[in-house]
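Asker:
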Amino acid sequence: MSGTALGTLRSHGLAAWLRAQVQRWRGDGHLPVATGVPVGQSDPVRWVGFDQTLVWVVVGLLALGLVMVYSASVQLPDNPRFARYTPTYFLTRHALFIVLAVVVAALTLKIPMRVWEKLAPWMFAGVLVLLVLVLLPFVGKGVNGARRWIPLGVLNFQPSELAKLAVTLYASNYMVRKMEIKENFFRAVTPMAIALGVVGVLLLAEPDMGAFLVIAAIAMGILFLGGVNGRMFFLSGTVLVLAFMLMIATSEWRRERIFAYLDPWSEKHAMGKSYQLTHSLIAFGRGEIFGQGLGSSVEKLHYLPEAHTDFLLAVIGEELGFVGVFAVIAAFFWLSRRMFLIGRQAIALERVFAGLTAQGIGIWMGGQAFINMGVNLGVLPTKGLTLPLMSYGGSAVLLGGVALAIVLRVDIENRQLMRGGRT
1 MSGTALGTLR SHGLAAWLRA QVQRWRGDGH LPVATGVPVG QSDPVRWVGF
51 DQTLVWVVVG LLALGLVMVY SASVQLPDNP RFARYTPTYF LTRHALFIVL
101 AVVVAALTLK IPMRVWEKLA PWMFAGVLVL LVLVLLPFVG KGVNGARRWI
151 PLGVLNFQPS ELAKLAVTLY ASNYMVRKME IKENFFRAVT PMAIALGVVG
201 VLLLAEPDMG AFLVIAAIAM GILFLGGVNG RMFFLSGTVL VLAFMLMIAT
251 SEWRRERIFA YLDPWSEKHA MGKSYQLTHS LIAFGRGEIF GQGLGSSVEK
301 LHYLPEAHTD FLLAVIGEEL GFVGVFAVIA AFFWLSRRMF LIGRQAIALE
351 RVFAGLTAQG IGIWMGGQAF INMGVNLGVL PTKGLTLPLM SYGGSAVLLG
401 GVALAIVLRV DIENRQLMRG GRT
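Going by my numbering, the residue at position 269 of the sequence shown is 269; the numbering climbs one at a time, nothing skipped.
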């Protein structure tokens, strides 16, 4: 180390010395980066590199999901309810959803994070309007007693999926705006709590308690990561848990679900509220270590309802066994951890909004996957949540693709800054 550099290090610290090195590297055009492309060559700076492993993990989950959706739905036309469908109906539509998600994700990748930061409050307001519209009889579509979808021809759009992304962006933007008062718990949290309460009331009116659980986890997680006072944060978390318990206690059908979860094999529950759970557990039991083989599930033959959506993991367990289930769990764990690391890197580069957004999406993907897996395995009470990126569902796949594209954009901008460029 030269005498000048050593003097810089002593007087200004390591960060100043690193900045000096970056400026020197920028000058000679040989800053080493992941892509190996020196500054000054023809490649645009914004494409200096991206997390290829993350992309391949997502591609693997999408591909496995497509195969398993086909396997879980190929026999559905034998059911009178789906008699008009072909065996490849759900496969074709799910493939179309994936293609649409990839196209929209590619477009999303071009949007800088500063644009998302400006749009966040407007997106949140727009989602509130959609959550109101879906409750209107002449707009929203009802299925099995729930009104959660707006028909758009090609797909039935689910506003609650967009709400997950909107709340992630809004909470991140909110924490950046309220950074100076984050130690004052009530001033920092009360407006966010009111916004979350409004979303919760609208979602519970559908009803969609599963989506509200995920959204509450996202909002609370971002508040915690944003630096809200720890003791008061845990107090607010306790209040939220008590609120969920009150909702369950005052709703007869929710209480029945809890009782069925606690005793699924009783005669009363096995053919009632815990019917899906018992057949899901039978599917996992049949799968053992290596599974019965792809396409060889018995439970999907009209025993296990919603096998291609909420209980796709049970079909994976029966056909691919413990090995297949473990691979899926490991992939989601790695994916969530990687998104947290990308977010932490952004925060270290003083890009708080981008960092909190990436970590919020990590909570979304990891939390929803955890709940879905817990329901399939009988660890959690039954909830209508899909397995992200894998289960059949146009809105979920589309918004999942958009969310992951935003995380990739954060990663690309991180790399650009570390190379000495600008976002």
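Beta carbons are placed, not taken as given, at the ideal position from N, Cα and C, and that holds for glycine. Just so it is clear, the structure is predicted and the values come from calculations on it, not from any experiment.
1) Rank Ala-120, Lys-141, Val-132 and Asn-156 by C-alpha distance to the C-alpha of His-94 and give the top, closest one.
2) Who are the near neighbours of Val-127 in its chain, counting only those whose CB is closer than 6 Å to its CB and skipping five residues on each side?
3) Give the single residue among Phe-90, Trp-56 and Phe-50 whose Cα lies nearest to the Cα of Glu-306.
4) Helix, strand or coil for Gly-360? Go by DSSP, reduced to three states.
5) Name the DSSP bridge partner or partners of Pro-151?
6) Could you name each continuous alpha helix (DSSP H) segment of 4 residues or more that falls completely within the stretch 336-381, going from the start of the chain to the end?
7) Beta carbon of Thr-386, beta carbon of Thr-278: below 8 Å?
8) Figure out for me which residue from Val-99, Ser-172 and Lys-118 has the closest Cα to the Cα of Ile-222.
9) Which whole-angstrom value describes the C-beta separation of Gly-226 and Leu-356, a residue pair presumed to lie in contact below a C-beta threshold of 8 Å?
10) In the DSSP assignment, find the alpha helix (DSSP H) that holds Val-434 and state where it starts and stops.
11) For Phe-311, which residues in the same chain have their Cβ closer than 7 Å to its Cβ, ignoring the five residues on either side in sequence?
12) As a quick exercise: from Ala-403, Lys-141 and Gly-140, pick the residue whose alpha carbon is nearest that of Ala-105.
13) Can the beta-carbon of Val-214 be found closer than 8 Å to that of Gly-367?
14) Give me the DSSP bridge partner(s) of Ala-146.
15) Identify the continuous alpha helix (DSSP H) that holds Arg-411 and give its terminal residues.
16) Excluding the 5 residues flanking Gly-36 on each side, which residues of the same chain have their C-beta closer than 7 Å to its C-beta?
17) Secondary structure at Leu-387, three-state DSSP: helix, strand or coil?
18) Is any non-hydrogen atom of the ligand GTP found closer than 7 Å to the C-beta of Thr-238, if you look at the structure I gave you?
19) Once you ignore the five residues that flank Arg-338 on each side, which residues in its own chain have a CB closer than 6 Å to its CB?
20) Compare the Cα-Cα distances from Gly-400 to each of Val-410, Leu-389, Gly-393 and Arg-409 and report the closest residue.
21) With three or more C-beta pairs closer than 8 Å as the rule, is the stretch 66-83 touching the stretch 340-354?
22) If you count every other CB in all the chains shown that lies within 10 Å of the CB of Arg-257, and 16 or more means buried, which is it?
23) Decide yes or no for the touch test of the stretch 127-144 against the stretch 359-366: beta carbon pairs closer than 8 Å, at least 3 of them.
24) Could you compute how far the alpha carbon of Val-443 sits from the alpha carbon of Pro-264?
Answerer: Let's see:
1) Checked all of Ala-120, Lys-141, Val-132 and Asn-156; the closest Cα to His-94 is Asn-156.
2) Within the same chain, Val-127 has close Cβ partners Leu-162, Ala-163 and Ala-166.
3) Ranking the options by Cα distance to Glu-306, first place goes to Phe-90.
4) Here Gly-360 sits in helix by DSSP.
5) DSSP, once it has assigned bridges, lists Asn-156 as partnering Pro-151.
6) For the stretch 336-381, the continuous alpha helix (DSSP H) assignments of 4+ residues that do not extend past its boundaries occur at 352-376, in sequence order.
7) The Cβ-Cβ distance between Thr-386 and Thr-278 does not fall below 8 Å.
8) If you compare the alpha carbons of Val-99, Ser-172 and Lys-118 with that of Ile-222, the shortest gap goes to Ser-172.
9) The distance from the Cβ of Gly-226 to that of Leu-356 is about 6 Å, consistent with a contact at the 8 Å cut-off.
10) Outside the modelled stretch of the chain, which goes from 1 to 423, sits residue 434, for which no answer is possible.
11) So the list reads Gln-276, Ser-280, Leu-304 and Asn-376, once near-sequence residues are dropped.
12) Considering only alpha carbons, the answer is Ala-403.
13) Yes. Within cutoff.
14) Beta-bridge partners assigned by DSSP to Ala-146: Val-143.
15) Reading off the sequence shown, one finds Asp at residue 411, where the question assumed Arg. Run containing Asp-411: 394-418, per the alpha helix (DSSP H) assignment.
16) For Gly-36, the pLDDT reaches just 38, beneath the cut-off of 50, and the residue's location in the model is therefore unreliable, leaving the point undetermined.
17) Reduced to three states, the DSSP call for Leu-387 is coil.
18) With respect to small molecules bound, the structure shown includes none, and the ligand GTP cannot be examined in it.
19) Cβ-Cβ distances below 6 Å link Arg-338 to Leu-54 in the same chain, with the five nearest sequence neighbours on each side left out; the list follows chain order.
20) Taking only the C-alpha atoms, the option nearest Gly-400 is Leu-389.
21) As far as the Cβ criterion goes, the stretch 340-354 does not touch the stretch 66-83, which means the pair count is below three.
22) Residue environment analysis places Arg-257 among the buried positions, since at least 16 neighbouring C-beta atoms fall within 10 angstroms of its C-beta.
23) Contact between the stretch 127-144 and the stretch 359-366 is absent, because fewer than three Cβ pairs lie under 8 Å.
24) The question about residue 443 has no answer here: the residues shown for the chain are numbered 1 through 423.
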